[in-house]
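**Student:** Numbering (this note's numbering), first residue to last: 5 to 167.
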């Protein structure tokens, strides 16, 4: 799939088929996250690919709105070492993961992590160091159905030269 098609067709997916994703595909998706831009090239992002059913279930239960993580083939947890631009860097990595999943023909959904009440619980459950913070949980799997989300028209969001 070409890059522009990936950008224009990616949608959040919350329903997944009970079908395993090849670990090499997960590895490639995380590699795309690793390659995201980072402020001053600090590269603070770290990742945990959760595929173990019990661990995935526990993560889904801890989150506020991510119960569907349990049904996905994998959950990629995006963390960042505490740095000046950790939110931006982690968000860039997360977006790359979402786009890479789409390019591989998979569905995905970004579940908030940073500053959520449950973030510390996930960090503890995953055994991450104290200076590393959860940025996002990303469900990844084969889509069950077709995610349809209406997007605003370009004319509704684009302004030229001033508001």
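Note that beta-carbon positions come from the ideal geometry of N, C-alpha and C, so glycine has one too.
Can you list, in chain order, the residues of its chain whose CB lies under 8 Å from that of residue 66, leaving out five sequence neighbours each side?
**Tutor:** Once the five neighbours on either side are set aside, the close Cβ partners of residue 66 are 122, 125, 126 and 129.
**Student:** Any idea what DSSP makes of residue 81, helix, strand or coil?
**Tutor:** strand
**Student:** Taking C-alpha atoms, which residue in 43, 143 and 111 lies nearest to residue 152?
**Tutor:** 111
**Student:** Got a sec, what are the start and stop residues for the beta strand (DSSP E) residue 16 sits in?
**Tutor:** Taken as a continuous stretch (DSSP letters only), residue 16 belongs to no beta strand (DSSP E), as it is neither H nor E.
**Student:** Locate the alpha helix (DSSP H) running through residue 173, then write down its first and last residues.
**Tutor:** Residue 173 cannot be examined here, being either before or after the span of the chain that is shown, 5 to 167.
**Student:** In this structure, how does DSSP classify residue 46 when only helix, strand and coil are distinguished?
**Tutor:** coil
**Student:** Quick check: what's the CA-CA separation for residue 40 versus residue 47?
**Tutor:** 8 Å
**Student:** Can you tell me whether residue 106 is helix, strand or coil according to DSSP?
**Tutor:** It is helical.
**Student:** Beta-carbon within less than 8 Å of residue 147's beta-carbon, same chain only, minus the 5 sequence neighbours each way: which residues are those?
**Tutor:** These residues qualify, in order along the chain: 17, 19, 20, 21, 110 and 111.
**Student:** Any idea if residue 157 is buried or exposed, counting beta-carbon neighbours within 10 angstroms, 16 or more meaning buried?
**Tutor:** exposed
**Student:** In this structure, what does DSSP give as the bridge partners for residue 29?
**Tutor:** DSSP output for residue 29 lists no bridge partner at all.
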